[in-house]
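Below is one structure, written out as structure tokens, with a few remarks after it.
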Amino acid sequence: MNVSIRDLEDLKTFVFVVQERSFTQAATKMGVTKAAIAKRILGLEKTWKTQLFYRNTRKVVPTREAELIFQKVSSILESVKELENSLANKDELEGTLRVTCVSSMANNFVSELIVNFQEQNPKIKIQLIVTDSLLDLMEESIDIGIRVGLEIPVNLVGTYLFKNRILAVVSPDYLNTNLAIQSPKDLETHNLLYLDLHKDLRFFGTELSLASVTKNRNFLSNDAGSLVQMGLRGKGVLFRSFWDIEDYVKSGKLIPILQDFSLDTFGSVWVVHPMNRTPSRRVMVFRNFLESECRRRFNQ
Numbered sequence: 001m002n003v004s005i006r007d008l009e010d011l012k013t014f015v016f017v018v019q020e021r022s023f024t025q026a027a028t029k030m031g032v033t034k035a036a037i038a039k040r041i042l043g044l045e046k047t048w049k050t051q052l053f054y055r056n057t058r059k060v061v062p063t064r065e066a067e068l069i070f071q072k073v074s075s076i077l078e079s080v081k082e083l084e085n086s087l088a089n090k091d092e093l094e095g096t097l098r099v100t101c102v103s104s105m106a107n108n109f110v111s112e113l114i115v116n117f118q119e120q121n122p123k124i125k126i127q128l129i130v131t132d133s134l135l136d137l138m139e140e141s142i143d144i145g146i147r148v149g150l151e152i153p154v155n156l157v158g159t160y161l162f163k164n165r166i167l168a169v170v171s172p173d174y175l176n177t178n179l180a181i182q183s184p185k186d187l188e189t190h191n192l193l194y195l196d197l198h199k200d201l202r203f204f205g206t207e208l209s210l211a212s213v214t215k216n217r218n219f220l221s222n223d224a225g226s227l228v229q230m231g232l233r234g235k236g237v238l239f240r241s242f243w244d245i246e247d248y249v250k251s252g253k254l255i256p257i258l259q260d261f262s263l264d265t266f267g268s269v270w271v272v273h274p275m276n277r278t279p280s281r282r283v284m285v286f287r288n289f290l291e292s293e294c295r296r297r298f299n300q
């Protein structure tokens with residue numbers, strides 16, 4: 001099997017589909033559309049002149065040939081990763097990295113990870129550009145972005161970090177002084193706190209979305225931090241990304257509810273860099289560090 005560098009993304013796609021048994025889940029992890037995944041797999045089947053998967057409405061099952069190829073491809077990708085790490089660690093790194101993320105990420109985990117990274121790489125200077133606007137990485141001369149969403153733009157290369165799970169939480173006071181919440185339908189009698197971009201997320205096992213159960217909503221904001229503060233003060237049921245409120249949950253200041261009716265995952269979190277710019281060793285090392293640390297911290 002002949003493999004060139006430009007084929008690596010296709011090979012990663014193949015590996016994700018085998019592992020997830022789903023085009024949809026593979027698309028989520030790679031930050032592309034399901035159609036893009038299907039196109040890549042079709043291209044591999046034509047190149048390798050063999051059927052790779054049995055498809056039905058419920059799942060994707062690898063063929064015997066695919067299982068054999070999977071072992072070889074996994075080995076190839078692992079070798080590439082080892083090569084990247086070897087090159088990245090050849091000499092002590094120095095220079096500047098320009099990194100961007102939204103404020104909630106910076107406050108909750110990115111700043112901490114940067115501190116840990118610089119302890120290992122003391123000669124690297126990091127400029128963290130914190131903004132809730134979506135910056136053009138090329139135009140702003142930014143090396144790395146940490147982003148959350150459903151897809152990766154075509155002009156960026158992305159590495160999956162973790163799923164962006166949305167939790168429903170309330171303060172202890174709110175839980176003690178309001179009607180019990182046992183199902184999503186019960187939310188109709190409660191004040192709901194969420195970002196508008198989450199309104200169409202559905203509750204597992206139901207046809208109900210956040211918007212469909214919203215009857216009371218007396219505070220709207222495009223700032224996640226403001227919503228979290230309202231939730232902490234017992235002003236309603238808060239829906240936020242788990243990484244944004246994990247410390248409050250651990251301390252008992254916010255209590256998860258409706259855990260049997262989890263919301264659809266709102267995309268994934270990944271680290272991205274411009275496609276048409278060859279990543280420096282600094283970028284490679286920082287990307288690999290984020291991937292490893294997020295897998296350890298968020299168990300994904």
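Everything in the sequence shown is counted per the UniProt record's numbering, starting at 1 for the first residue and increasing by one.
Cβ coordinates follow ideal geometry from the N, Cα and C atoms, glycine included.
Just so we're clear, the structure is a prediction, and the values are computed from it rather than from any experiment.
For the options Asp136, Asp7, Pro62 and Pro172, the alpha carbon positioned closest to that of asparagine 155 is the one of Asp136. Assignment of asparagine 108 by DSSP, reduced to helix, strand and coil, places it in the helix class. The stretch 65-80 and the stretch 94-108 do not touch, with fewer than 3 CB-CB distances between them shorter than 8 Å. By the neighbour-count criterion, in which a residue is buried when 16 or more other Cβ atoms sit within 10 angstroms of its Cβ, valine 61 is exposed. Cβ neighbours of phenylalanine 242 within its own chain (closer than 6 Å, five residues either side excluded): Arg165 and Leu167.
In the three-state scheme derived from DSSP, where H, G and I count as helix and E and B as strand, threonine 214 is classed as coil.
Counting along the chain, arginine 98 sits inside the beta strand (DSSP E) bounded by residues 95-101. Its Cα nearest to that of lysine 215, the residue Gly236 stands out among Phe23, Leu11, Glu94 and Gly236.
Between the stretch 253-269 and the stretch 192-207 there are three or more C-beta pairs closer than 8 Å, enough to call the two in contact.
The beta carbon of asparagine 178 lies closer than 7 Å to those of His190 in the same chain, with the five residues before and after it left out. The alpha carbon of threonine 96 has as its nearest neighbour, out of Asn299, Pro153 and Arg281, the alpha carbon of Arg281. Under the three-state reduction of DSSP output, glutamine 19 falls in the helix class. For threonine 131, there is no enclosing alpha helix (DSSP H), as DSSP marks it with neither H nor E.
Here threonine 100 is not near glutamate 291, since their CB atoms are 7 Å or more apart. Threonine 28 sits buried, since 16 or more C-beta atoms from the chains shown fall within 10 Å of its C-beta.
Counting only runs of at least 3 residues, the stretch 151-204 fully encloses the following beta strand (DSSP E) elements, listed from N- to C-terminal order: 156-163 and 166-170.
Taken in chain order, the complete beta strand (DSSP E) segments of 3 residues or longer contained in the UniProt domain "HTH lysR-type" (6-63) are 53-55 and 60-62. Contact annotation: the stretch 143-154 touches the stretch 268-286, with at least three C-beta pairs closer than 8 Å. Here glycine 149 carries a strand assignment [DSSP, helix/strand/coil]. Here the alpha carbons of proline 279 and glutamine 118 stand approximately 19 Å from one another. Beta-bridge pairing by DSSP links phenylalanine 289 to no other residue. Scanning its chain for C-beta atoms nearer than 8 Å, with the 5 sequence neighbours on each side dropped, one finds around serine 171 the residues Gly231, Leu232, Arg233, Gly234, Lys253, Leu254 and Ile255, in chain order.
Annotated three-state conformation of glutamine 229 is helix, per DSSP. Within the same chain, and ignoring the five residues on either side of valine 102 in sequence, the residues whose Cβ sits closer than 6 Å to its Cβ are Asp132. When C-alpha distances from isoleucine 76 are compared across Pro153, Asp10 and Glu112, the shortest belongs to Asp10. For phenylalanine 266, no beta strand (DSSP E) encloses it, and the DSSP letter there is neither H nor E.
When beta bridges are read from the DSSP output, serine 241 appears opposite Ile166. The Cβ atoms of leucine 193 and leucine 227 lie closer than 7 Å to each other. Relative to isoleucine 126, the option among Glu293, Phe286 and Cys294 whose CA is nearest is Phe286.
Here isoleucine 69 carries a helix assignment [DSSP, helix/strand/coil]. In the DSSP assignment, isoleucine 114 is bridged to no other residue.
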